[in-house]
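Position 194 (the sequence shown) corresponds to 194 in my numbering; numbering is contiguous.
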Amino acid sequence: MGDYPWVLSALHVEPLLRARKAGREKATTSLDLGLSQVELAVEAEGVILPGGEGLAWEEVERVAANPAACFAIENGQAAKIQRYSEVRNRVNVLLPTGRAPTVLISGVQMHRVRDVDPWADTERKIRTIAPVTGRVLDTCTGLGYTAIVAARTAAEVVTIELDPAILEVARLNPWSRPLFENPRIRQIVGDALDEVDILADGSFGRIIHDPPMFNLAGDLYSGEFYRSLYRVLAPRGRLYHYVGDPESRSGRSATNGALRRLQEAGFSRVVRRPEAFGLLASK
1 MGDYPWVLSA LHVEPLLRAR KAGREKATTS LDLGLSQVEL AVEAEGVILP GGEGLAWEEV
61 ERVAANPAAC FAIENGQAAK IQRYSEVRNR VNVLLPTGRA PTVLISGVQM HRVRDVDPWA
121 DTERKIRTIA PVTGRVLDTC TGLGYTAIVA ARTAAEVVTI ELDPAILEVA RLNPWSRPLF
181 ENPRIRQIVG DALDEVDILA DGSFGRIIHD PPMFNLAGDL YSGEFYRSLY RVLAPRGRLY
241 HYVGDPESRS GRSATNGALR RLQEAGFSRV VRRPEAFGLL ASK
C-alpha cells in the first residue's frame, strides 16, 4: 500500500453492511475504488482492515450515508476526500462513479459520467490522436487520467496543472497513483498559459488539451493559447481538444468557436470528433 490510505465509497461499504446484517464473519470488498478486491473480517465492533487496523461501524455507516463522496481511511477514521482551492476559490471533491472517480469543482463534474465512465472517456480521447508515441503534452493534469493513459505508449508525457489542491485530491485517488509513480510522466505545477510559452518549438508529437469548461477557464480556449500550442506541436503532429457535448447548446457554441480559432492559429486540418466530445487538429 505504500504511503497511500485505503479509500472507500458508499458502493464499497455495502458488502460490509450486508455481511453484518446477515451475521457473516467475512466480507469481500474493495479498498481502492474497485481496482482490487480484499476479504475483511467482520466483527461486532466493526471490520478489520489489512494490517489489523479496525474500522468501527460508525465510520462505515458515515461512508454509506454519503454516496456522493469518497473517503480516505486513516487511523480508524473516514475523512472525505476534498480540498479547497485557493487558486480557484472553489472546493474540489472526489466523486465515486462505480469505476474511476471524477472530481467535482463547486458541483461541476470534470469528466463524462453519463453512458461512459471517466476512464473509458479518457481512452476515447486518447484514441483520437493514436498512435501516441514520442513526447506528449497534457495541458491540464486534473486527476491525471490523460497522462496515465498516454504514458502507456509515449516516451514522455509532460503534464501541467494550475491548482495544487486538485493534485492533493489526485494523490488520494487510487486510480491516479501512476501519475506519481510512472517515471515517464513529468509534472509541472503552474499556469499552462505561461508554462507552454517556455516550451521549445515543435517539441511534442501529440497534445491533449482537456481544459475545464469555458466559464471556468476561458483563457485556455483563446486564439493566443491555440497559437502557443501550434508552436510547440511538431510538424505532422496532432492535437485533441475537449470542448463538450456537441449536441448541447453550449457545446455547439464552444465547438464552433474553438474550431474557427484553431484554424486561425494555423492548424491545417480541424475535424469534429463527437464520440470524444472534442476536436482533432493537425499541423
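Note that beta-carbon positions come from the ideal geometry of N, C-alpha and C, so glycine has one too.
Predicted, not measured: the structure shown is a model, and the values here were computed from it.
The C-alpha of Ala78 lies about 43 Å from the C-alpha of Tyr226. Proximity to Leu55 across Cys70, Val13, Ile105, Gly34 peaks at Val13, based on C-alpha coordinates. Less than 7 Å separates the beta-carbon of Tyr242 from that of Phe277. Annotated three-state conformation of Pro118 is helix, per DSSP. Within its own chain, the residues whose Cβ lies closer than 6 Å to the Cβ of Ala27, once the five positions on either side in sequence are excluded, are Pro15, Leu16, Ala19, Leu40, Val42, listed in chain order.
Scanning its chain for C-beta atoms nearer than 6 Å, with the 5 sequence neighbours on each side dropped, one finds around Ile188 the residues Ile160, Glu195, in chain order. Under DSSP, Ala41 shares a beta bridge with Lys26, Ile48. Beta-bridge pairing by DSSP links Cys140 to no other residue. Between Arg88 and Ala217, the alpha-carbon positions lie close to 10 Å from each other. The Cβ atoms of Ile208 and Asp163 lie no closer than 7 Å to each other.
Annotation: the continuous alpha helix (DSSP H) that includes Glu58 extends over 57 to 64. Its chain contains Thr102, Val103, Gly142, Pro212 as the residues whose beta carbon lies nearer than 7 Å to that of Met110, once the 5 sequence neighbours on both sides are disregarded; these appear in chain order. Within the DSSP bridge table, the entry for Ala72 names Val7, Ala79 as partners. Nearest Cα to Tyr145 within the set Leu167, Val169, Ser176, Ala165: Ser176. Only buried fits Leu8, as 16 or more other CB atoms lie within 10 angstroms of its CB. Taking the CA atoms as reference points, Gly223 sits about 28 Å from Val149. Arg135 is classed as buried because its beta carbon has at least 16 other beta carbons within 10 Å across all chains shown.
Contact between Gly244 and Gly237 is ruled out by a C-beta separation of about 23 Å, above the 8 Å threshold.
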